[in-house]
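J.:
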Amino acid sequence: MFYTIAAYLMWGFFPAFFPLLRPASPFEILAHRIVWTAVLVTFMLVITGGWRELKEMSLRTWGWMLGCGITITINWGTYVIAVNSNHVADAALGYFINPLVSVALGIIFLKETLTKAQVASVSIAFVAVLWLTFMTGQAPYYSLALAFSFALYGLLKKQISVSSMGSVAAETIVMLPFALMYLGYLQVQGESTFASEGPGHMALLVTSGLVTALPLLCFAQGAKHLRLSTIGMLQYMTPIMQMLWAVFVTQEDMPTERWIGFIIIWVAVIIYLADLVRMGHASRRRARLHSPTPSTDETAA
Numbered sequence: 001m002f003y004t005i006a007a008y009l010m011w012g013f014f015p016a017f018f019p020l021l022r023p024a025s026p027f028e029i030l031a032h033r034i035v036w037t038a039v040l041v042t043f044m045l046v047i048t049g050g051w052r053e054l055k056e057m058s059l060r061t062w063g064w065m066l067g068c069g070i071t072i073t074i075n076w077g078t079y080v081i082a083v084n085s086n087h088v089a090d091a092a093l094g095y096f097i098n099p100l101v102s103v104a105l106g107i108i109f110l111k112e113t114l115t116k117a118q119v120a121s122v123s124i125a126f127v128a129v130l131w132l133t134f135m136t137g138q139a140p141y142y143s144l145a146l147a148f149s150f151a152l153y154g155l156l157k158k159q160i161s162v163s164s165m166g167s168v169a170a171e172t173i174v175m176l177p178f179a180l181m182y183l184g185y186l187q188v189q190g191e192s193t194f195a196s197e198g199p200g201h202m203a204l205l206v207t208s209g210l211v212t213a214l215p216l217l218c219f220a221q222g223a224k225h226l227r228l229s230t231i232g233m234l235q236y237m238t239p240i241m242q243m244l245w246a247v248f249v250t251q252e253d254m255p256t257e258r259w260i261g262f263i264i265i266w267v268a269v270i271i272y273l274a275d276l277v278r279m280g281h282a283s284r285r286r287a288r289l290h291s292p293t294p295s296t297d298e299t300a301a
């Protein structure tokens with residue numbers, strides 16, 4: 001559990017890190033995240049011998065990796081734009097909504113059946129989005145973009161069987177040419193901040209690769225040893241931390257209408273989590289009932 005909690009804590013502190021990368025634009029930050037994450041994870045694959053996994057991937061798998069790369073790039077980019085334009089609360093809302101969007105996509109694309117509680121939670125989340133749209137005058141674009149991009153990313157990942165490190169490496173490698181071309185364009189236009197803002201700024205941009213990769217790898221390690229219901233509850237550490245950051249650190253404007261929208265979302269989340277816990281208990285009870293009962297001789301032995 002330590003690795004999983006560490007991952008969610010690191011993600012929770014992301015709003016503190018990305019503003020440090022100013023005056024780099026969100027798109028320059030995104031390009032550096034892709035480049036340095038690709039460099040770091042590929043280096044780790046080489047020294048651990050995992051590079052062979054990438055070499056053995058089929059063209060079809062690389063196609064899925066391109067889809068994963070595009071969706072996670074949209075997610076990373078949207079997050080940086082939101083945080084660096086003081087929309088941390090919107091980013092937090094996106095990650096409160098995300099599991100519910102994943103449930104909805106499971107119905108549409110995977111023909112999954114839902115419990116009554118899941119239907120209720122998704123419906124309530126939809127009502128919350130409508131409330132925020134009509135009462136604040138605009139849709140929560142950042143929240144929806146983050147929720148849907150990450151849910152689509154998860155949906156695409158279900159189509160392939162690749163190790164966590166191999167997946168992150170492949171996803172960033174397929175996006176690497178675009179990131180390098182954009183950084184080259186900035187350099188030619190004289191708009192790059194990489195070398196113009198001093199060694200500290202340069203080091204922070206390089207560090208964005210470690211900041212991106214480390215929680216992903218911690219999560220992958222921790223998730224192997226935890227039940228899905230536990231992960232489902234722990235994942236809300238991140239948006240809770242980000243919401244607290246928005247309220248107490250960046251002090252974003254939160255009118256009553258917006259708070260009501262968030263409360264409606266939290267009701268949906270509570271229903272979702274309660275159902276997740278219920279299903280976890282039911283699954284363990286079934287496992288105990290179907291486990292073989294030792295005979296008298298075996299017990300005596």
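Using full-length UniProt numbering, you'd call the opening residue of the sequence shown number 1 and step up by one each time. Ideal Cβ placement from N, Cα and C applies to all residues, glycine included.
1) Hey, out of Phe-96, Leu-155, Leu-130 and Gly-137, whose CA is closest to Leu-110's CA?
2) Between which two residues does the alpha helix (DSSP H) containing Ser-164 stretch?
3) Pop quiz: Leu-226 and Met-1 are said to be a contact at Cβ under 8 Å. What is the actual Cβ separation, rounded to whole angstroms?
4) What is the DSSP secondary structure of Ile-160, reduced to helix, strand or coil?
5) Work out the CA separation of Ser-149 and Ala-31 for me, nearest whole Å.
6) By DSSP, does Leu-226 sit in helix, in strand, or in coil?
7) How many angstroms separate the CA atom of Val-78 from the CA atom of Thr-193?
8) Pairing CB atoms from the segment 251-268 with CB atoms from the segment 118-127, are three or more of them under 8 Å?
9) Does the segment 57-73 come close enough to the segment 159-174 that 3 or more CB-CB pairs lie under 8 Å?
10) Count the CB pairs spanning the segment 237-250 and the segment 94-108 that are closer than 8 Å, and state whether there are at least three.
11) Can you give the beta carbon distance from Trp-259 to Pro-15, rounded, assuming they're within the 8 Å contact cut?
12) Less than 8 Å between the C-beta atoms of Ala-117 and Ala-274, yes or no?
13) For residue 327, does the count of other Cβ atoms within 10 angstroms reach 16, so buried, or fall short, so exposed?
14) Please report the straight-line C-alpha distance between Ala-287 and Thr-4, rounded to a whole angstrom.
15) Run the CB neighbour count on His-281, radius 10 Å, all protein chains shown included, and call it buried at 16 or more, exposed below.
16) Return the first residue and the last residue of the alpha helix (DSSP H) that Arg-52 is part of.
17) Give a yes or no on whether the C-beta atoms belonging to Leu-210 and Met-165 are separated by under 8 Å.
18) Taking the alpha-carbon positions, what's the Leu-152 to Thr-42 distance?
19) From Arg-33, Phe-18 and Val-39, pick the residue whose C-alpha is nearest to that of Asn-86; which is it?
20) Counting C-beta neighbours from all protein chains within 10 Å, is the total for Lys-157 16 or more, i.e. buried, or is it exposed?
21) Work out the CA separation of Leu-54 and Leu-66 for me, nearest whole Å.
22) For my contact list, Ala-89 and Met-254 are in at a C-beta cut-off of 8 Å; report their separation, rounded to the angstrom.
23) Using beta-carbon positions only, say whether Thr-37 and Thr-212 come within less than 8 Å of one another.
24) Closest by CA to Val-162, which one among Glu-191, Leu-20, Arg-60 and Phe-13?
T.: So, from the listed chains and residues:
1) By 1-based counting over the sequence shown, the position of residue 110 is 110. For the residues Phe-96, Leu-155, Leu-130 and Gly-137, the minimum Cα distance to Leu-110 belongs to Leu-155.
2) Within the sequence shown, numbered from 1, the residue matching residue 164 stands at position 164. Per DSSP, Ser-164 belongs to the alpha helix (DSSP H) from 164-189.
3) Locating residue 226 in the sequence shown gives position 226, where the first residue counts as 1. Locating residue 1 in the sequence shown gives position 1, where the first residue counts as 1. Their Cβ separation, rounded to whole angstroms, is 6 Å, which keeps Leu-226 and Met-1 in contact under 8 Å.
4) The residue labelled residue 160 in the question sits at position 160 within the sequence shown. Coil.
5) Your numbering for residue 31 matches position 31 in the sequence shown. Your numbering for residue 149 matches position 149 in the sequence shown. Those two C-alpha atoms are separated by around 18 Å.
6) In the sequence shown, counting from the first residue as 1, residue 226 sits at position 226. Leu-226 falls in the coil class under three-state DSSP.
7) Taking the sequence shown and counting its residues from 1, the one referred to as residue 78 is at position 78. Taking the sequence shown and counting its residues from 1, the one referred to as residue 193 is at position 193. Note on identity: in this sequence residue 78 is Thr, with Val being the wrong assignment. Going from the Cα of Thr-78 to the Cα of Thr-193 covers about 20 Å.
8) The segment 251-268, when compared against the segment 118-127, does touch it at the 8 Å Cβ threshold.
9) Flag = yes, the segment 159-174 and the segment 57-73 touch.
10) yes
11) Within the sequence shown, numbered from 1, the residue matching residue 259 stands at position 259. Within the sequence shown, numbered from 1, the residue matching residue 15 stands at position 15. That pair is no contact at about 19 Å.
12) Within the sequence shown, the letter at position 117 stands for residue 117. Within the sequence shown, the letter at position 274 stands for residue 274. It is a contact, given that the beta carbons lie within the stated cut-off.
13) Given that the chain is displayed from residue 1 to residue 301, the structure contains no residue 327 and the question cannot be resolved.
14) Translated into positions along the sequence shown, residue 287 becomes position 287. Translated into positions along the sequence shown, residue 4 becomes position 4. If I take the Cα positions, the gap works out to 25 Å.
15) For this step, residue 281 is matched to residue 281 along the sequence shown. His-281 is exposed by the Cβ-count criterion.
16) Translated into positions along the sequence shown, residue 52 becomes position 52. Here the alpha helix (DSSP H) through Arg-52 covers 51-55.
17) Numbered from its first residue, the sequence shown carries residue 210 at position 210. Numbered from its first residue, the sequence shown carries residue 165 at position 165. No; because the gap between Cβ atoms is not below 8 Å, this pair is not in contact.
18) To locate residue 152, count along the sequence shown from 1; it is residue 152. To locate residue 42, count along the sequence shown from 1; it is residue 42. Near 24 Å, if we compare the C-alpha coordinates of Thr-42 and Leu-152.
19) Here residue 86 is taken as the residue at index 86 of the sequence shown, counted from 1. Out of Arg-33, Phe-18 and Val-39, Phe-18 has the C-alpha closest to the C-alpha of Asn-86.
20) Your numbering for residue 157 matches position 157 in the sequence shown. Per the 10 Å Cβ criterion, buried.
21) Reading the sequence shown from its first residue, position 66 is the one you call residue 66. Reading the sequence shown from its first residue, position 54 is the one you call residue 54. Going by the C-alpha atoms only, they are around 13 Å apart.
22) Looking up residue 89 in the sequence shown gives position 89. Looking up residue 254 in the sequence shown gives position 254. So it is a contact: roughly 7 Å between Cβ atoms.
23) Counting from 1 along the sequence shown, the entry for residue 37 is found at position 37. Counting from 1 along the sequence shown, the entry for residue 212 is found at position 212. It is a contact, given that the beta carbons lie within the stated cut-off.
24) Against the sequence shown, residue 162 aligns to sequence position 162. For the residues Glu-191, Leu-20, Arg-60 and Phe-13, the minimum Cα distance to Val-162 belongs to Arg-60.
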